[in-house]
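See below for the structure under consideration.
There are 2 protein chains.
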Amino acid sequence: MASPTEENYLKTLFTKADKNGEIAITELSQYLKVSAPTANSMIKNLSQQGLVNYEKYKLLSLTARGKKEAAFIIRKHRLTEMYLVEKMGFGWEMVHEIAEQIEHIDSPRFFDRMDELLGYPKVDPHGSPIPDKNGKITAKTLVKLSDCKVGDTVTLSALANSSEEFLKYLNSKQLQLELKLRVEAIEPFDQNMKIKYLRNRVEILSQMACNKLLVEKQL
Amino acid sequence: MASPTEENYLKTLFTKADKNGEIAITELSQYLKVSAPTANSMIKNLSQQGLVNYEKYKLLSLTARGKKEAAFIIRKHRLTEMYLVEKMGFGWEMVHEIAEQIEHIDSPRFFDRMDELLGYPKVDPHGSPIPDKNGKITAKTLVKLSDCKVGDTVTLSALANSSEEFLKYLNSKQLQLELKLRVEAIEPFDQNMKIKYLRNRVEILSQMACNKLLVEKQL
DNA sequence: ATAATAAGTTAGATTGATCTAAATTATAAT
DNA sequence: ATTATAATTTAGATCAATCTAACTTATTAT
C-alpha cells in the first residue's frame with residue numbers, strides 16, 4: 000500500500016517520537032534528510048490517509064492505524080537484521096544498511112518465513128522489540144546493562160550476542176535470563192561493573208560483557 | 000547507480016532480445032507493461048548513458064556496458080530465487096515475485112554472501128545460468144529433451160518455460176533440476192516420451208513438455 | 001505502386017517526491 | 001511587551017516515470 004518513502008516517514012515517526020508519541024516536523028525532516036517543506040507536504044498526505052494526526056503548527060503523532068502500519072515496517076526491518084546476523088553471518092555493523100532496503104519488500108510470506116526460521120524472536124540483539132505478525136509488540140524496550148547506573152535493579156532479558164563462548168561465560172557465572180541484578184559499583188577507569196544477584200553472589204563484569212546483556216529496568 | 004526502473008529495462012532487454020541481441024521497442028514496452036512512448040523516452044535516457052544502442056526506428060540492443068549491467072541484475076535475481084528455494088524452503092512457483100523486488104537491492108556484499116552460502120551455483124532453480132560476480136556467464140549447451148533419442152541418459156538442467164502451471168506439472172511428477180533421466184521409448188505418432196528416473200519411476204511426457212525441458216547429455 | 005496498417009516518435013499533461021525562496025506563526029530573550 | 005529567532009507553511013519550480021492524443025515513418029497487402 001504505502002510507498003517506500005511513506006514507509007520511511009511512518010517508521011521514523013514511530014521510532015523517534017517522544018514519550019507522548021509526538022515529534023516536531025523539523026526534527027522529523029532532519030532524520031529523514033529532507034527539507035522541512037518536503038516533510039510538510041508528505042505529512043499532509045499521510046494525514047489525508049488517516050495515518051498521522053496533523054494540525055497546523057502542532058506536533059505530529061501517529062494515529063492507531065499509522066502505528067499499526069509502522070509496526071509492520073519495523074517488524075520487517077528488525078527481522079531482516081536478525082536474519083542477516085543469525086542466518087547469513089553478517090556483523091551487526093553491516094546489517095542496518097541492507098535492512099533499510101529489504102524492509103520495503105512487499106511480501107508477508109517472506110518475512111513470516113524469516114520469523115519462523117528465527118524461532119519467533121521478540122527482541123532483536125539491540126534490545127529493540129520485534130512486532131509479531133499482527134503488529135503487536137509484546138516485549139519492552141530493553142537497555143544495555145552497560146547503560147545502567149549504580150543502584151539500578153534490573154532483570155536480565157536478552158542477549159545481544161549468543162556466541163558459544165559468551166554463553167559459556169554466562170553459565171560459569173550462573174547468569175541466566177530473567178535473573179534480577181543490582182548494579183553495586185562501576186569502575187570509572189574501564190566501566191567494569193560490580194553486579195550482585197542470586198541472594199549474595201557478586202561478580203565483576205567487563206564493559207564488553209555488559210554491552211551484550213540486555214536488561215529491563217525495575218520501576 | 001541505475002534506478003529500479005532502469006534495471007528492469009536492462010534486464011528485459013537482455014532476456015527478451017532475439018538471437019542477434021535485438022528487440023523492437025513496442026515488444027519491450029509490452030513486457031514492461033508501459034506505453035510505447037514511455038519506453039521510448041526511457042530508451043533515449045539509457046542510450047544517453049551508453050547502455051543501449053538506439054537509432055530512430057531501428058531495433059534496440061544493449062551496448063557492452065549495458066550487457067554487463069544487465070548481467071549483474073540477472074545475477075541478483077537468480078541468486079535470490081536460488082536462495083529462497085534452497086535456504087528458505089519456498090517452492091519454485093513462489094519465488095519469482097519476491098526475487099523481482101529483491102533484485103533491486105543495492106548491496107554487492109549481500110548477494111556475494113548468498114552466492115557463497117549457496118556454493119557458487121551456475122544455474123538458478125529454473126535452470127537459467129547465474130552470472131558470476133564479474134558478470135560473466137559460464138555458458139552451457141543444453142538440448143531439448145524432445146531432441147533426444149531412445150536410450151539417451153541425460154541430466155535435467157534448465158526449463159525453457161517457467162509458467163506456474165508448468166512448474167506445478169513438474170512438481171507433481173517429482174521432476175527436479177539435476178535429476179538424471181533415461182529415454183525409454185518415443186511414441187512415433189505423437190512423440191510422447193517414456194522417461195525413467197528416480198530409481199524406477201516411469202512417466203509418459205507429452206511432446207509439449209519435452210520441448211520445454213532442457214537437458215545436458217551424458218558423455 | 002499505392003493505400004492500409006502497424007510501429008515508432010513527438011508534444012504536452014500528470015503524479016510523487018523533492019527543492020529554494022518567501023511568508024507566516026510560535027517561542028524565547030531582553 | 002516588543003523584538004529577535006526559530007519553526008512551520010505556502011508558493012512555485014524541477015525531475016523521473018508515467019500517460020493519451022496526434023503525427024511520422026516503415027511495412028504489408030492488394
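Protein sequence lines correspond, in order, to chains A and B. Quick note: the first sequence uses numbering that gives the first Met the number 0, first residue 0, plus one each step. Quick note: the second sequence uses numbering that gives the first Met the number 0, first residue 0, plus one each step. Glycine included, C-beta positions come from ideal geometry on N, C-alpha and C. As the structure is a computational prediction, the values presented were derived from the model and not from experiment.
In the DSSP annotation of this structure, the continuous segment of the alpha helix (DSSP H) that includes B:T37 starts and ends at A35 to Q47. Rounded to the nearest whole angstrom, the C-alpha separation of A:Y82 and A:Y30 is 25 angstroms. The DSSP-derived three-state label of A:L83 is helix.
Taking B:R64 as the centre and dropping the five residues before and after it, the same chain places the C-beta of G49 and L50 closer than 7 angstroms to its C-beta, in chain order. A direct Cα-Cα distance of roughly 13 angstroms separates B:L59 from B:N44. Assignment of A:L117 by DSSP, reduced to helix, strand and coil, places it in the helix class. Listed along chain B is no residue with a C-beta nearer than 7 angstroms to that of A:L213; the closest approach is about 26 angstroms. Residues V94, A98, D123 and P124 of the same chain have their beta carbon placed closer than 6 angstroms to that of B:E80, with the five preceding and five following residues left out of the count.
With a threshold of 8 angstroms between beta carbons, B:E5 makes no contact with chain A. Shown here for B:F110: same chain residues with a beta carbon closer than 6 angstroms to its own, the five before and five after excluded, namely K75 and L78 in chain order. Think of a sphere of 8 angstroms around the beta carbon of A:I104: the chain B residues whose beta carbon falls inside it are I97, Q100 and I101, in chain order.
Within the DSSP secondary-structure output, A:L31 pairs in no beta bridge. Between A:K179 and the set A:K172, A:Y196, A:F71 and A:T4, the nearest pair of CA atoms involves A:Y196.
Less than 8 angstroms divides the Cβ of A:V149 from the Cβ of A:I185. The Cβ of A:F71 sits no closer than 8 angstroms to any Cβ of chain B.
For B:P130, the three-state secondary structure derived from DSSP is coil.
Contact note: B:L166 does not reach chain A at a C-beta cutoff of 8 angstroms; the least C-beta distance is about 17 angstroms.
The shortest C-alpha to C-alpha distance from B:A159 to any of B:C147, B:V142 and B:L174 is the one to B:V142. A:L144 has its alpha-carbon roughly 8 angstroms from the corresponding atom of A:K211. Between A:P130 and the set A:F71, A:L166, A:A157 and A:C147, the nearest pair of CA atoms involves A:F71. Taking the CA atoms as reference points, B:I24 sits about 16 angstroms from B:T62. By the Cβ neighbour-count rule, A:R198 is exposed, with fewer than 16 other Cβ atoms within 10 Å of its own. Chain B has a Cβ within less than 8 angstroms of the Cβ of A:M87. Pairing A:S156 with A:Q100, the inter-Cα distance amounts to about 29 angstroms. Under the three-state reduction of DSSP, B:K75 is assigned to helix. B:L166 and B:W91 have their C-alpha atoms some 7 angstroms from each other. In this model, B:K10 and B:I73 are separated by some 7 angstroms (Cα to Cα).
With contacts defined as CB atoms closer than 8 angstroms, B:M113 and A:L116 fail to qualify as a contacting pair.
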